[in-house]
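Read top to bottom, the protein sequences are chains G and Y. Residues in the first sequence are numbered consecutively from 1, following the working numbering. Residues in the second sequence are numbered consecutively from 1001, following the working numbering. The C-beta atom is built at its ideal place from N, Cα and C for all residues, glycine as well. Down below is the structure, laid out as structure tokens.
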Amino acid sequence: MAHGAGGKSSRRLVEGLFAPLLYPDSAGPLTDAAQLSIEGTRIAVTTDSFVVKPLQFPGGSIGELAVNGTVNDLAVSGARAEVMTVTYILEAGLATEVLEAEVRAMASAAQRAGVQIVSGDTKVVEHGKADGMYITTTGIGSLIHGMKIDPGLIRPGDKVLVSGPIGDHGVTILLARGELDLEAELTSDTRSVLPLVEVLAEASGPGIRWMRDPTRGGVATSLNELARDCGLGIVIDEDAIPMHDAVRGACELLGLDPLHIANEGQFLAVIAPEYSDAAVNALNLLPGGEDARIIGTVCEHPAAAVLVMTSYGGSRIIDMLVGDPLPRIC
Amino acid sequence: MKFVDEFRERELVTRTAEEIRRLADPARHYRFMEVCGGHTHAIYRFGLKDLLPENIELIHGPGCPVCVLPMGRIDDGLAIAQQDGVIFAAFGDMMRVPGTTGSPLEHKARGMDVRIVYSPSDALKLARGNPDKHVMFFAIGFETTAPSTALTLMRARAQDVRNFSVFCNHVTIIPAIRAILDSPDMRLDAFIGPGHVSTVIGCRPYEWIVKEERKPIVISGFEPLDMLQSIVMLLRQLQSGEAKVENQYRRVVPWEGNRAALKAMAEVFQLRPYFEWRGLGFISQSALRMRDAFAKWDAEQRFEVPGVRVTDPKAAQCGEVLKGVLKPHQCKLFGHECTPEHPIGALMVSSEGSCAAYYNYEHRKTATATMLSQAV
């Protein structure tokens, strides 16, 4: 199970098994989308599967996650999603209303994101499998002009930016499962981040070095991947991280770290310092970008690790997620 | 009052840290033990060590109820759950703790019915909702969690729920502290006392520490300001040559403890003559078992339990780390054979374990990049 949680085990599975066998010729670190040329035209491709319980939750449902997730993977790779394919694996006995609701949700999410769903497939499996439904989407996009995403250019002094409050999605799901006697006014943050990325490209395109959407495993996992890939240190200011009080409170109670919680409508970016102010200002002006903040800096030390500065000038290392976040005992 | 923000207020924390520097005698090396694993984690999480002067050393104590459980007891619990139709229910913290044939999570991946519950009453609810199965709740914890187990058992008896049992591994805190003080390797000046267990047992049970051992103890809360204030209180006592029990966590801990909780515990539990603790050996009168009136809900009486003593691997130094003799990174296996993903002992995976705290927050500040790539 740990291999699906998005943290260390997932990465080992991809690096140790899939990549060497499936993409032996690929060079460089793993990214959210692949870029390739077909007959001289550069495009980006990505695929993602969506497994979530419960299927519907405050703020969204699996259908919206499936569209937005793939749009976002393309966006953080510097691409605008143009078309998408979708496959459904449905559990026998799934109520038609549920399926219809998800298809409608996908249609409207696709329309909002400006992407066309052009092809698909459906399979049905036995009752007891697929948790109702699993969805896979594959997206193809065109490259957004003006961005020069090249992690090789990352230098100490570069700034780390987050597009908005973290932890909303993961905590919403945890509470929606109903296993905890905890209620909060929280909704999933699922949305397409493409409009924000396009504004970012316009305001500071040449300065964008790296982007990622911190889904499973949270901000900490994405930043650790960055740190390991570039060999530099990422130093985060805990006080600067935007977060809703309800997320903070729920995590305190459960003993979870918000930095390990999944997000479905945010992205992280590393921006050259001369462009970082323009980047934040431009995002703050956009509806949905008001809480974008610079949260940290790339440094020489600690090499290949992520350090969080606490409110009092103390610090702690934060690692990738190991397994699933488990609430504590006492 | 929000109860969290106020106790993390930066200005106050800074001033309290300054007070500590003023009070600490530069000619002295202070050794304070924080008994509770929750305090260990708070220290690392908030980077509190960075705020203390060099001559105040914090030693991690054995206050982690998962860590002190010998592997054989995990095996026993899993053995019961191996039987057909049994559901293994436990707190999330138990799920990654290694037994000799794997952790509960690993057993779950191999087909055992393992469920995470957030309280023992959830486990009872699970039993009522699954009449054709048997739910075995793996109960652990100091006196902190024993009262809720007791109340759940009383409810199970009142409702005559037949398909529910408790595998009881509750232990008591005072014998653990006594064992630390009796240990010849230990030289401590004072204690930062456990906050949550004290909400049940109160402050009186610690009086022998100041009377017999002449060591100050301050019962502390878990926020940064709580812990720093407790250290100020300890320094003041040491400066004036006093040794008394003080309660810093007054907003939560009553001096007399929680009568109702203690009453429930007394009704349901009795002390075992002895119990084995990882690292501390066999300690008499240090753990709880269910009274005969509750035998029907005692997993050890309803099921065959292997009861095999399993010693830790020779190279593992869990015991010394638990006693505070070694710091986590001084164990030879730390960060190499023993990591949160491949733990040898519970200290590396429990949310109260000092090895976990150290690994997750601290050690890579001083490690090299090669060690990082090996650890993953």
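By Cβ distance below 6 Å, which residues in the same chain neighbour residue i in space, the five residues on each side in sequence not counted?
i, result
"G:Glu64", "Ala105, Ala109, Thr190"
"G:Asp291", "Gly164, Pro165, Pro242"
"Y:Val1086", "His1134, Met1136"
"G:Gly139", "Thr46, Thr70, Leu74, Ala81, Met84"
"Y:Ala1378", "Missing from the structure shown is residue 1378 of chain Y; chain Y here goes from 1001 to 1376 and no further."
"Y:Pro1098", "Pro1343"
"Y:Leu1271", "Gln1285"
Looking only at its own chain, which residues have a Cβ that is under 7 Å from the Cβ of residue i, when we skip the five neighbours before and after it?
i, result
"Y:His1039", "Ile1192, Ser1220, Phe1222, Met1227"
"G:Leu339", "Chain G is shown only over 1 to 330; residue 339 of chain G falls outside these bounds and no answer can be derived."
"Y:Ala1375", "Residue placement at Y:Ala1375 cannot be trusted, given a pLDDT of 38 that sits under 50; what the coordinates show is reported in the next sentence. For Y:Ala1375, where only same-chain residues beyond five positions count, the Cβ hits under 7 Å are Gly1335, Thr1339."
"Y:Met1095", "Ser1103, Pro1104, Leu1105, Ile1116"
"G:Ala303", "Gly231, Leu232, Gly233"
"Y:Arg1031", "Glu1057, Ile1059, Arg1187, Leu1188, Asp1189"
"Y:Glu1207", "Val1245"
"Y:Glu1213", "Leu1181"
Between which residues of its own chain and residue i is the CB-CB distance below 8 Å, once the five residues before and five after are set aside?
i, result
"Y:Val1004", "Glu1223"
"Y:Tyr1359", "Pro1328, Phe1334, Gly1335, Thr1339, Pro1340, Met1348"
"G:Glu183", "Leu175"
"G:Ser61", "Leu55, Ala101, Glu102, Ala105"
"Y:Leu1048", "Ala1042, Pro1224, Met1227, Leu1228"
How would you label residue i, buried or exposed, when you count the other beta carbons within 10 angstroms and need 16 or more for buried?
i, result
"Y:Lys1211", "exposed"
"G:Val125", "exposed"
"Y:Lys1327", "buried"
"Y:Arg1022", "exposed"
"G:Tyr312", "buried"
"Y:Pro1062", "buried"
"G:Tyr275", "buried"
"G:Leu217", "Contrary to the premise, residue 217 of chain G reads as Gly rather than Leu in this sequence. G:Gly217 is buried by the Cβ-count criterion."
"Y:Ala1109", "exposed"
"G:Ile317", "buried"
"G:Leu321", "buried"
"Y:Pro1120", "buried"
"Y:Pro1104", "buried"
"Y:Asp1292", "exposed"
"Y:Asp1185", "exposed"
"Y:Gln1239", "exposed"
"G:Pro156", "exposed"
"G:Gly40", "exposed"
"Y:Asp1075", "buried"
"G:Ile38", "exposed"
"Y:Thr1100", "exposed"
"Y:Asp1132", "exposed"
"Y:Ser1284", "exposed"
"G:Leu22", "exposed"
"Y:Ala1367", "Residue placement at Y:Ala1367 is flagged as unreliable, the pLDDT there being 48, under the threshold of 50; the coordinate-derived value follows with that caveat. Answer is buried; the Cβ neighbour count reaches 16."
"Y:Phe1091", "buried"
"G:Ser119", "exposed"
"G:Thr122", "exposed"
"Y:Trp1277", "buried"
"G:Pro214", "buried"
Per DSSP, residue i forms a beta bridge with which residues?
i, result
"G:Lys159", "G:Ile271, G:Thr297"
"Y:Arg1157", "Partner(s): none; Y:Arg1157 has no beta bridge."
"G:Ser222", "Answer is none; G:Ser222 lacks a bridge partner."
"Y:Ala1139", "Y:Cys1168"
"Y:Ile1020", "None, per the DSSP bridge assignment."
"Y:Val1114", "Y:Phe1088"
"Y:Tyr1030", "Y:Ile1056"
"G:Met211", "G:Ala269"
"G:Ile234", "G:Val298, G:Val306"
"Y:Trp1277", "Y:Gly1281"
"Y:His1039", "None; Y:His1039 has no bridge partner."
Give the C-beta separation of residue i and residue j to the nearest angstrom, bearing in mind that I take them to be a contact with Cβ-Cβ under 8 Å.
i, j, result
"G:Pro258", "G:Val247", "6 Å"
"G:Thr297", "G:Val235", "5 Å"
"G:Leu180", "G:Ser222", "Wrong, their Cβ atoms sit about 26 Å apart, outside the cutoff."
"G:Gly356", "G:Leu94", "Within the shown structure, residues of chain G are numbered from 1 to 330, placing residue 356 of chain G beyond reach of any answer."
"Y:Leu1126", "Y:Ala1156", "That pair is no contact at about 12 Å."
"Y:Gln1237", "Y:Pro1205", "No, Y:Gln1237 and Y:Pro1205 are not in contact; Cβ-Cβ is about 19 Å, not under 8 Å."
"Y:Glu1242", "Y:Cys1067", "Not confirmed; about 32 Å, so no contact."
message = Three or more C-beta pairs under 8 Å: does that hold for the segment 1331–1346 of chain Y against the segment 1303–1320 of chain Y?
response = yes
request  = Decide if the segment 1282–1296 of chain Y is in contact with the segment 1170–1185 of chain Y; the criterion is three or more beta carbon pairs, one per stretch, under 8 Å apart.
outcome  = yes
task = Say whether the segment 1034–1051 of chain Y touches the segment 1187–1205 of chain Y, bearing in mind that this needs 3 or more beta-carbon pairs closer than 8 Å, one atom from each stretch.
result = yes
ask   = Counting Cβ pairs, one atom from each stretch, are 3 or more of them under 8 Å apart for the segment 87–103 of chain G and the segment 49–69 of chain G?
value = yes
request  = Decide if the segment 1145–1165 of chain Y is in contact with the segment 1009–1020 of chain Y; the criterion is three or more beta carbon pairs, one per stretch, under 8 Å apart.
outcome  = no
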